[in-house]
Structures are given as C-alpha cells and as structure tokens.
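Chemist:
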Ligand SMILES: O=C(CO)[C@@H](O)[C@H](O)COP(=O)(O)O
Ligand SMILES: [Fe+2]
C-alpha cells in the first residue's frame with residue numbers, strides 16, 4: 021500500500037530528552053521515527069547505536085504504542101549490525117548501497133531477522149543501481165543531502181532519481197531524507213516520494229502538528245494524482 025508516511029528524524033531532537041522527544045513526535049502524528057545510526061567511518065559523524073535503540077524501545081513498547089523504528093544505517097559494515105538492530109527493536113533496516121559488496125545477501129539477512137529491508141543511495145549514486153534490487157526491497161531511500169549531518173540544504177536535482185524510481189516501482193515505498201520541510205516537500209511529492217524524513221523542520225516547527233498534516237496531505241494528493249495512492 022503506497023501512502024504518505026511522515027518520519028521525524030530524531031537526530032534533530034534534544035538527546036538529553038530523547039525518550040520524551042520520541043513520544044512527543046508520535047503524539048503529534050508521526051507515523052515512523054527515523055533513527056540515524058552513524059559509525060564515524062561510513063560518514064564523518066557518530067550518533068547513536070543499538071543500546072540507545074533498545075532503551076527507546078523499552079520507553080515506547082510495541083504493546084503500548086505501535087511506533088515503527090526506521091533505522092537508517094550509515095555504517096561501513098552493515099552486515100555486522102543486523103542482529104543487534106533486530107534485537108534492539110528496529111522495524112526496518114536501511115543500508116547504503118555504497119557500503120556493501122553483496123546487497124542481495126544483505127537484504128536476505130535483514131528479512132531473516134524479521135525486519136523490513138531498505139536500500140539507500142547517496143547523491144552521487146545513480147538510481148539504476150536499484151533497478152535489479154527493487155523487487156526484493158520494502159523501501160528505497162534517495163538521499164537529498166550528503167549523509168552525515170542534519171540541517172543541510174535539500175538537493176532538488178535528486179528528484180529526477182525519485183521520478184525514475186517511482187515510474188519503475190509504482191507500489192514501492194520511496195523515501196527522501198535531508199532538508200525536507202514545508203518548502204521542499206511539494207517537489208518531493210511531485211516526483212513520487214511517499215516517505216518523508218523531516219528532522220530540523222519537525223523539531224523546530226512552531227506548529228508541528230500543522231506541519232506534519234501539511235506534509236501528509238501534500239504527499240497523498242500527489243500520489244492520488246499519479247494514480248498510485250492505494251489506501
Ligand atoms: O540521514 C540523515 C543525515 O545523514 C538525515 O536523516 C537527517 O537527520 C535529516 O535531517 P534534516 O535535514 O531533516 O534536518
Ligand atoms: Fe537519515
């Protein structure tokens with residue numbers, strides 16, 4: 021089912037209040053929480069890892085709130101972390117195409133651990149690398165900034181990749197990540213993205229509920245116009 025999914029990136033939250041910030045975003049209407057895992061090797065930054073995801077999952081149990089943990093793995097050895105992220109409570113494992121030698125085997129490994137499998141491409145990587153993986157994947161992530169930091173400027177040139185992938189995979193979840201907010205979501209929605217990661221914009225919005233609703237409506241209207249909205 022292709023529908024709008026709004027995923028605040030907790031990288032933009034106040035880490036001293038992480039559990040409360042996650043709950044707050046969920047209560048404000050977030051569909052997923054986007055969890056950026058960085059190892060200081062694949063990207064020049066270190067964020068958080070399995071122990072913190074374990075704590076967050078305890079703070080927001082699946083039984084109490086059905087909150088989806090969308091784990092964006094910016095790590096050099098993505099195979100290594102699959103069991104730990106599954107154990108910590110991850111629902112989806114997004115690896116970078118650029119970080120693995122065998123994407124098909126990694127997808128299999130992720131699924132064997134009970135998570136949805138997704139593959140991300142950096143701005144310099146063409147959409148075509150995903151053509152032969154699309155059928156096995158639950159989601160594709162087109163990065164709209166260089167991975168590593170929140171608060172960067174959205175790269176509109178990436179929309180050609182989203183458009184190409186949406187035409188090829190009308191029923192697949194296609195995520196965009198980096199610099200998304202009120203001004204940039206219309207371009208992403210027009211190109212066919214349905215999963216919107218929004219860090220800085222959500223966490224700094226004076227009216228986050230209104231922003232989340234606006235982003236969701238914008239995406240759903242574009243999907244309907246394209247005839248791919250299936251809810
Ligand atoms: O993966 C990343 C950065 O590497 C992102 O998820 C950012 O955290 C998004 O932050 P904003 O650009 O929305 O502030
Ligand atoms: Fe991310």
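In my numbering, the protein residues as written are 21 to 251.
Backbone N, C-alpha and C define an ideal beta-carbon position, used for all residues, glycine too.
(1) How about residue 29: is its Cβ closer than 7 angstroms to a heavy atom in ligand 2?
(2) Measure the CB-CB distance between residue 94 and residue 59 and report whether it falls below 8 angstroms.
(3) Flag residue 206 as yes when its Cβ comes closer than 7 angstroms to any non-hydrogen atom of ligand 1, and as no otherwise.
(4) Would you kindly report the start and end of the unbroken beta strand (DSSP E) that includes residue 94?
(5) Might you give, ordered along the chain, the residues of its own chain that have their beta carbon closer than 6 angstroms to the beta carbon of residue 90, omitting 5 neighbours on each side?
(6) In chain order, which beta strand (DSSP E) runs of at least 3 residues are fully inside the stretch 109–143?
(7) What is the residue span of the beta strand (DSSP E) that residue 177 lies within?
(8) Sort out for me which residues DSSP pairs residue 29 with in a bridge.
(9) What separation, rounded to the nearest whole angstrom, lies between the Cα atoms of residue 122 and residue 227?
(10) Out of 214, 106, 146 and 148, point me to the one whose CA is closest to residue 136's CA.
(11) Expressed to the nearest angstrom, what Euclidean distance is found between the alpha-carbon atoms of residue 100 and residue 229?
(12) With a CB to CB cut of under 7 angstroms and the five nearest residues on each side skipped, what residues in its chain are close to residue 8?
(13) According to the neighbour-count rule (16 or more other Cβ atoms, all chains shown, within 10 Å of its Cβ), is residue 40 buried or exposed?
(14) Taking 8 angstroms as the threshold, find out whether the stretch 74–89 comes into contact with the stretch 207–226 through three or more Cβ pairs.
(15) Might you give, ordered along the chain, the residues of its own chain that have their beta carbon closer than 8 angstroms to the beta carbon of residue 79, omitting 5 neighbours on each side?
(16) By alpha-carbon positions, which one of 194, 139 and 68 ends up nearest to residue 23?
(17) Which whole-angstrom value is the C-beta distance of residue 162 and residue 172, which I expect to be below 8 angstroms?
(18) Would you call residue 212 buried or exposed, if buried means 16 or more other Cβ atoms sit within 10 Å of its Cβ?
(19) Beta carbon of residue 221: closer than 7 angstroms to some heavy atom of ligand 1?
(20) According to DSSP, residue 34 sits in a beta bridge with which residue or residues?
(21) In whole angstroms, what is the alpha-carbon distance linking residue 104 and residue 84?
Modeler: Reading it off the structure:
(1) In the chain shown, the residue the question calls residue 29 occupies position 9. Yes - ligand 2 has a heavy atom lying nearer than 7 angstroms to the Cβ of residue 29.
(2) Translated into the one-based positions of the chain shown, residue 94 becomes position 74. Translated into the one-based positions of the chain shown, residue 59 becomes position 39. Cβ distance < 8 angstroms, so residue 94 and residue 59 count as in contact.
(3) As a first step, residue 206 is located in the chain shown; it is residue number 186 there, counting from the start. Checking every heavy atom of ligand 1 against the Cβ of residue 206, none is found closer than 7 angstroms.
(4) Numbered from 1 along the chain shown, position 74 holds the residue referred to as residue 94. Looking at the DSSP string, the run of the beta strand (DSSP E) that includes residue 94 is 88–94.
(5) Translated into the one-based positions of the chain shown, residue 90 becomes position 70. These residues qualify, in order along the chain: 27, 52, 54 and 112.
(6) 112–116 and 136–141
(7) Counting from one through the chain shown, the residue named residue 177 turns up at place 157. No beta strand (DSSP E) contains residue 177, which DSSP labels as neither H nor E.
(8) To locate residue 29, count along the chain shown from 1; it is residue 9. For residue 29, DSSP records a beta bridge to 54.
(9) Counted from its first residue, the chain shown places residue 122 at position 102. Counted from its first residue, the chain shown places residue 227 at position 207. Straight-line measurement puts the Cα of residue 227 at about 43 angstroms from the Cα of residue 122.
(10) Position 116 of the chain shown, counting from 1, holds the residue named residue 136. That would be 106, whose Cα lies nearest to the Cα of residue 136.
(11) Residue numbering aside, residue 100 sits at position 80 when the chain shown is read from its first letter. Residue numbering aside, residue 229 sits at position 209 when the chain shown is read from its first letter. Each residue's Cα considered, the two are about 37 angstroms apart.
(12) Nothing about residue 8 can be read from this structure; the chain reaches only from 21 to 251.
(13) Working through the chain shown from its first residue, we reach residue 40 at position 20. Classification of residue 40: exposed, given that the 10 Å Cβ count is below 16.
(14) no
(15) Against the chain shown, residue 79 aligns to sequence position 59. If we look at residue 79 and ignore the five residues flanking it on each side, its Cβ neighbours are 39, 42 and 43.
(16) Start at 1 with the first residue of the chain shown, and residue 23 comes out as number 3. In terms of Cα proximity to residue 23, the closest of 194, 139 and 68 is 194.
(17) Here residue 162 corresponds to residue number 142 of the chain shown, with the count starting at 1. Here residue 172 corresponds to residue number 152 of the chain shown, with the count starting at 1. Contact between residue 162 and residue 172 does not hold, since their C-beta atoms are separated by about 15 angstroms, which reaches or exceeds 8 angstroms.
(18) By one-based count along the chain shown, residue 212 stands at place 192. Classification of residue 212: buried, given that the 10 Å Cβ count is 16 or more.
(19) Numbered from 1 along the chain shown, position 201 holds the residue referred to as residue 221. The answer is yes for residue 221.
(20) In the chain shown, counting from the first residue as 1, residue 34 sits at position 14. Beta-bridge partners assigned by DSSP to residue 34: none are found.
(21) As a first step, residue 104 must be located in the chain shown, where it is residue number 84. As a first step, residue 84 must be located in the chain shown, where it is residue number 64. Their Cα atoms are separated by approximately 22 angstroms.
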